[in-house]
Amino acid sequence: MVKKFLPILIVFSFLILGNNNVMASDIMTPISIPLNQSYYLNVGTSEITQIAIANPTIADAVVASSTEILINAKSVGSTTLRVWTNNGMRQQFNINVLADNLAIAQAIKRVLPNDEINVQNSIDNILLQGSVKNQYEKDIAEKIAQVYGKKVINLLQMSKPYQVKIEAQIIEISMDKSKELGLLFSNASDIDTDTGIVTLGSSGSFGVGQSFTKSYADINATVQALETKGDAKVLSRPNITTLSGEKASILIGGKIPIPISNNNGDISIEWRDYGIKLNIEPTVHSAKDITTKIKAEVSTLDYSHEIRNNEFTIPALRSREASTNISIASGTTMAIGGLINSEESKTINKFPILGDLPIIGSFFRHTAKSKDKRELIILITPTLVGSDTPVKMSDDMHELYNNTQKDNRKDVSLNKESVAAEK
């Protein structure tokens, strides 16, 4: 009986040994070596018969003894080392050459000599810790570390973070009058790169998503003149302050409930914003220039395309969007235009009774159609403020506050006779 199963057991044993060889060849053992350093690798008791390295520019390997290999790290990166031994086994190693922590720290120190930055390097990440002055220096340190080709975890703290005050004006203006405001903004080629001021050019309205810069005083004077004549309307003047590199959001409008049904038929409510929505992300540079990412979205409720069922009515949202990324000097105003809103209206004038008669009634009534196009222009002024400086109230906000105080103020009479008469 034993003799009968002996050949089967021998074959099965060879299959197990073969599978172990395959598993051994598939295992990739990681080895990390600092740049320009050496590493002795012991492969076990079996004698080395052959070695091969995939990329000798990252690391080279030489057989130091019958069971040891000397690996020299030459450049930052990863490569594969394969080793064959006289027992028929093959081993694989993933060689990771890491940038020297000191080398990264010195590279950052050359650019930011006054900051205290600590660097920790691992196989996959570079960790930055310590303190810098502001967001600009924090970004510079991260970009230098990224040169070494790894994911950077930036935990640097800012001792004096920049703050940026964002003043905005949302203006609705007639299309035929927007050219008057367009006189202040010429082609982008006319922008003076030293002062950030735009030279006066040919008239014309804004294109969709276009952005130009001009001094705030000139723009505000034109806006006030158009508002006085009834050709423009200032919808809002929001004012917000945010840290450099952080996003600020402004919503002038509201939220609309949207019923959402799941697979079980249960209905939940999802709230969506509508109105004028601004997402602004300013980043301050060393020269006190501010690079600002802006996304503007204007949405209105459109009941002409509403959805109805037995329980509720959902209006559609008509949306207009524009986005830009521009670098300007602190205190300079930029504009986003081209957000056009077109509304059609119809007026019917008719004779009483006669205008309602069938067939001949059309001779006794007149229909007039009109189309009103209005452009939404958003003016944004980012201004750099110190981290320990209270943000000054804007002139428009100050005027609004004073008017509110006047409306709420009551005259108090100290005349006893007047007081008695009031009683």
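Residue numbering for the sequence shown is -24 to -1, 1 to 399, as defined by mature numbering (1 follows the signal peptide of the UniProt record, and there is no 0).
Note that CB positions come from ideal geometry on N, CA and C, so glycine has one too.
According to the DSSP assignment, Glu118 belongs to no beta strand (DSSP E) but to the alpha helix (DSSP H) extending over Gln111 to Gln122.
Taken through DSSP and simplified to helix, strand or coil, Thr198 comes out as helix. At the C-beta level, Lys141 and Thr217 come within 7 angstroms of one another.
Using a 10 angstroms sphere on the CB of Tyr279, the tally of other CB atoms stays under 16, which defines it as exposed.
Per DSSP, reduced to three states, the secondary structure at Arg248 is strand. DSSP, reduced to helix, strand and coil, places Asn215 within a strand of the structure shown. Ala117 sits buried, since 16 or more C-beta atoms from the chains shown fall within 10 Å of its C-beta. Residue pairing by DSSP puts Ser14 in a beta bridge opposite Asn48. Pairing Ser275 with Gln111 gives a Cβ-Cβ distance that is not under 7 angstroms. Ser135 and Lys109 have their alpha carbons spaced roughly 5 angstroms apart. Counting every other CB atom within 10 Å of its CB across the protein chains shown gives Ser41 a total below 16, marking it as exposed.
Taking 7 angstroms as the cut-off, the Cβ atoms of Val19 and Val73 do not count as close. Straight across, the Cα-Cα distance linking Glu143 with Asn101 is about 39 angstroms. Closest in alpha carbon position to Gly106, among Asp91, Arg294 and Lys119, is Asp91. A straight-line Cα-Cα distance of about 8 angstroms links Val260 and Leu360. Looking at the backbone, the Cα of Ile243 and that of Thr289 are separated by about 14 angstroms. Bridge partners of Ala224 according to DSSP: Ile256.
Beta-bridge annotation (DSSP): Gln67 is paired with Val59.
In this structure, Ala28 sits away from Ile80, with a CB-CB distance that is not shorter than 7 angstroms. In this structure, Ile146 sits away from Ile266, with a CB-CB distance that is not shorter than 7 angstroms.
DSSP places Ile304 inside the beta strand (DSSP E), whose first and last residues are Thr289 to Ala305.
Residue range Asp265 to Arg284 is occupied by the beta strand (DSSP E) that includes Val274.
In terms of CA proximity to Asp249, Gly230 leads the group Asn196, Gly230, Gly241 and Ile256. For the pair Val210 and Arg284, the Cα-to-Cα distance works out to about 34 angstroms.
DSSP places Glu203 within a helical segment (H, G or I) once states are collapsed to three. The residue among Ile34, Thr21, Lys114 and Ile3 with its C-alpha nearest the C-alpha of Ser14 is Ile34.
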